[in-house]
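First comes the structure, then the notes that go with it.
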């Protein structure tokens, strides 16, 4: 407000405001919250301790073993990318992690028969695995390593 009772208004930049309100993850700098208005905290909210634990084991194992992987948080899922190419999509469900592996049917060998290779697809891979416990997670990480190596060879 000025001395002569006039008010000056400045138009705010919507993009700048949205960026200001984004939540940044303090757990790992490789979780890219700049591409999303959601955070890990948002995704983990109201999830069981079991699911949170499985997800954190998954995330930490990936980040500790693969330096070039980035996670992107979306409203209902977490995408793990290798150089901007989607490797997996993880959905935190009530009692498990549902993980879609971005590979074509027939490119991975499922010796434990834990992968669903149904005819339906979301466009991000033909493999779906339900991770319900540490044993499933360990098995999934073997499949993840194969996926990672195949995607890396393509680069």
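Numbering (the numbering used here), first residue to last: 1 to 155. Glycine included, every Cβ here is placed at the ideal spot set by N, Cα and C. None of these values were measured; they are calculated from a predicted model.
Cutoff 8 Å: residue i Cβ touching any chain B Cβ
i	result
residue 111	As a matter of chain content, chain B is missing from the structure shown, which is built from one protein chain.
Pairwise C-alpha distance: residue j and residue i
i	j	result
residue 105	residue 126	5 Å
residue 97	residue 54	7 Å
residue 131	residue 93	10 Å
residue 46	residue 89	20 Å
residue 71	residue 83	11 Å
residue 61	residue 48	20 Å
residue 64	residue 56	12 Å
residue 133	residue 141	12 Å
residue 154	residue 145	14 Å
residue 41	residue 135	25 Å
Cβ-Cβ distance between residue i and residue j below 8 Å
i	j	result
residue 73	residue 39	yes
residue 124	residue 66	no
residue 150	residue 85	no
Status (buried if at least 16 other CB within 10 Å, exposed otherwise) for residue i
i	result
residue 161	Beyond the ends of the chain as shown, which are 1 and 155, falls residue 161; an answer cannot be given.
residue 58	buried
residue 100	buried
residue 129	buried
residue 111	exposed
residue 15	Note on residue 15: pLDDT 47, under 50, position unreliable in the model; the coordinate value appears next. Exposed, because fewer than 16 other Cβ atoms sit within 10 Å of the Cβ of residue 15.
residue 12	With a pLDDT of 49 at residue 12, under the threshold of 50, the predicted position of this residue should be treated as unreliable, and no value is reported.
Nonlocal neighbours in the same chain, by C-beta distance under 8 Å from residue i, ignoring five residues either side
i	result
residue 50	95
residue 138	none
residue 143	101, 108, 110, 115, 127 and 129
Cβ separation of residue i and residue j, assumed to be a contact under 8 Å, to the nearest whole Å
i	j	result
residue 69	residue 81	7 Å
Contacting residues, own chain, Cβ-Cβ under 6 Å from residue i (five flanking each side not counted)
i	result
residue 27	Residue placement at residue 27 is poorly supported in this model, since its pLDDT is 42, which falls under 50; the coordinates still yield a value, given next. Excluding residues within five positions, none has a Cβ falling inside 6 Å.
residue 75	38
Same chain only: Cβ atoms within 7 Å of residue i, ignoring 5 sequence neighbours per side
i	result
residue 43	73, 78 and 92
residue 52	44
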